[in-house]
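So the sequence shown is numbered by the working numbering: it starts at 12 and just counts up by one. Report on the structure given below.
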Amino acid sequence: MTIALPDTGAKPDSSAFRQLTAAVVLIAAMTALRVVYASLLDLRTDEAYYWTWSKENVLSFLDHPPM
12 MTIALPDTGA KPDSSAFRQL TAAVVLIAAM TALRVVYASL LDLRTDEAYY
62 WTWSKENVLS FLDHPPM
C-alpha cells in the first residue's frame with residue numbers, strides 16, 4: 012500500500028490569487044477615494060478649534076489646564 016504525498020512544487024490556486032489581488036486593489040482604491048474626499052472637506056467646529064490652538068504652544072490654555 013502506497014501513500015501519495017502532496018506535490019510541494021505545486022502552483023498556488025490562481026482563483027485564490029485573483030481574489031487576493033482584487034481585495035488589495037479594492038482596499039487601495041477605497042483608501043484613495045477617502046483621502047481625496049477628506050481633502051475636499053472643511054474643518055468642523057471642534058477640529059478648527061484644536062487646529063487654531065495648536066498654532067501657539069504654551070503651557071496651558073483657558074479651558075485646558077497644565078498637566
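C-beta: ideal position from N, C-alpha, C; glycine also.
Have a look at Val35 and Thr42 and give me their C-alpha separation to the nearest angstrom.
-> 11 Å
DSSP state of Glu67, grouped into three classes?
-> coil
Kindly indicate the opening and closing residues of the alpha helix (DSSP H) around Ala43.
-> 25-51
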